[in-house]
Structure formats: structure tokens, C-alpha cells
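Trainee: Below is a structure I'd like to ask you about.
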Amino acid sequence: MIPDFVAHLRNAVGPDCLLWLPGVMGVVVDEDGQRVLLQRRSAAGRWTPLSGILEPGEEPAAGMAREVEEETGVRVVVERLAAVTVSPPVRHGNGDRAQYLELVFACRPAGPGQVPRVCDDESAEVAWFPLDALPPMTDRMREAIALVEKNEPQAWFAPSP
871 MIPDFVAHLR NAVGPDCLLW LPGVMGVVVD EDGQRVLLQR RSAAGRWTPL SGILEPGEEP
931 AAGMAREVEE ETGVRVVVER LAAVTVSPPV RHGNGDRAQY LELVFACRPA GPGQVPRVCD
991 DESAEVAWFP LDALPPMTDR MREAIALVEK NEPQAWFAPS P
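To convert, note that position 124 of the sequence shown is 994 in this note's numbering; the numbers rise steadily by one, no gaps.
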């Protein structure tokens, strides 16, 4: 779903303008630290951690928790910022161009026994996967999961040139 503020921007600048947008990605690891919650995105058919765009003025951790619940029905606790990354430029299925500043968060379920389900049209499937048996996904997504698995106290970011 395209957030209202992005639709408004698109009406003003058109689809070819590369929008720089704030994004969040949540690597949700279960209570036992053995499985990760993933979604198979409807648009591209790829498995990824949960992600989304922050609304104007929205606190990043609150936005991350909102995105996970909207997409899977699972309530989470955002534990820490694991990384700050930049996505490659993308052209979405509708022709819109964007690039995302990605805040990657380590998350855990807010309580035991939550069963994920597809809650919107952004996901074709949602499921828990063992960390040692992930489905096919891009190297970037595997790297985000690995950064959370490292459990470093400080967020990772690309070094300055």
C-alpha cells in the first residue's frame, strides 16, 4: 500500500523522480532465538524480513512495530537498532522510482504463541523459518539477518570513504 504522503509527492513530481524515503526493516527472531519471521512480498515474490515506510513524524521503533503487526498480525518489541543501510535504487511495479534509508531493527515477539498470518496485500505469505534454513532471498536480506544475529551492542553502518 502506498502511504498517502508518498502518493501526494508522486502527484507533484511524477514517477520518474527518485524519491529518498525513510524505511524500516525488522528482523523478528522468536523467543528461542532459532527462527526468523519473514514475508514473501506480493510484488516481487521474494522472501524478506518485514519492512515498510515511516510516516512523516513517526518514531522509527513505533513505525517498525506498526509495520510488523499490519503485515503479519504479530505484535513485537523493538529491541535495538542493528544497522543503518541504504537500499539500491528501485523501480516499483507501478513505475515509481525510490531509494530507502533503511533502519534495521532487531525485534522479538511481544508474547509467546503468536501465529503470523497475511494481513494485507503486501505479502503473499508470512512464516517463521529456522535461521539455519532460510528460503531463497537476496544477499542483502541475508546480510540484514546476519547483522541482527551478531547481537552487537552498536549499530552497523558502512564506513565512510
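Even glycine gets a Cβ: it sits at the ideal position worked out from N, Cα and C.
Look at the alpha carbon of D990 and the alpha carbon of S912, and state the distance between them as a whole number of angstroms.
Mentor: The sequence position of residue 990 within the sequence shown is 120, counting from 1. The sequence position of residue 912 within the sequence shown is 42, counting from 1. If I take the Cα positions, the gap works out to 10 Å.
Trainee: Under the three-state reduction of DSSP, which class applies to P979: helix, strand or coil?
Mentor: Position 109 of the sequence shown, counted from the start, is the residue given in the question as residue 979. Strand, per DSSP.
Trainee: Can you tell which of P979, V960, V974 has the C-alpha that lies nearest to the C-alpha of N1021?
Mentor: Walking along the sequence shown from the start, residue 1021 turns up at place 151. When only C-alpha atoms are compared, the closest one is V974.
Trainee: Three Cβ pairs or more, each shorter than 8 Å: is that satisfied between the region 872-887 and the region 901-916?
Mentor: no
Trainee: Our contact map puts A968 next to V960 with C-beta atoms below 8 Å; I'd like the distance itself, whole angstroms only.
Mentor: As a working mapping, residue 968 is identified with position 98 in the sequence shown. As a working mapping, residue 960 is identified with position 90 in the sequence shown. About 6 Å; that satisfies the 8 Å criterion.
Trainee: E992 and E941: beta carbons closer than 8 Å?
Mentor: Position 122 of the sequence shown, counted from the start, is the residue given in the question as residue 992. Position 71 of the sequence shown, counted from the start, is the residue given in the question as residue 941. A Cβ-Cβ contact shorter than 8 Å links E992 with E941.
Trainee: Please list, in chain order, all residues of the same chain as G965 whose beta carbon is under 6 Å from its beta carbon, the five residues on each side excluded.
Mentor: The residue labelled residue 965 in the question sits at position 95 within the sequence shown. So the list reads P885, once near-sequence residues are dropped.
Trainee: Look at the alpha carbon of G915 and the alpha carbon of W890, and state the distance between them as a whole number of angstroms.
Mentor: Taking the first residue of the sequence shown as position 1, residue 915 is located at position 45. Taking the first residue of the sequence shown as position 1, residue 890 is located at position 20. Cα-Cα distance, rounded: 23 Å.
Trainee: Any idea what DSSP makes of G896, helix, strand or coil?
Mentor: Taking the sequence shown and counting its residues from 1, the one referred to as residue 896 is at position 26. Annotated three-state conformation of G896 is strand, per DSSP.
Trainee: Where does the unbroken beta strand (DSSP E) through L907 begin, and where does it stop?
Mentor: Locating residue 907 in the sequence shown gives position 37, where the first residue counts as 1. Here the beta strand (DSSP E) through L907 covers 905-911.
Trainee: Quick one: using the 10 Å Cβ neighbour count with 16 as the cut-off for buried, is Q1024 buried or exposed?
Mentor: In the sequence shown, residue 1024 corresponds to position 154, counting from 1. Counting Cβ neighbours within 10 Å, Q1024 comes out exposed, since fewer than 16 surround it.
Trainee: With DSSP collapsed to three states, give me the class of R987.
Mentor: The sequence position of residue 987 within the sequence shown is 117, counting from 1. Note: R987 maps to coil in three-state DSSP.
Trainee: Measuring CA to CA, which of M895, P892, R905, L879 is closest to D1002?
Mentor: Taking the sequence shown and counting its residues from 1, the one referred to as residue 1002 is at position 132. The residue from M895, P892, R905, L879 with its alpha-carbon nearest to that of D1002 is R905.
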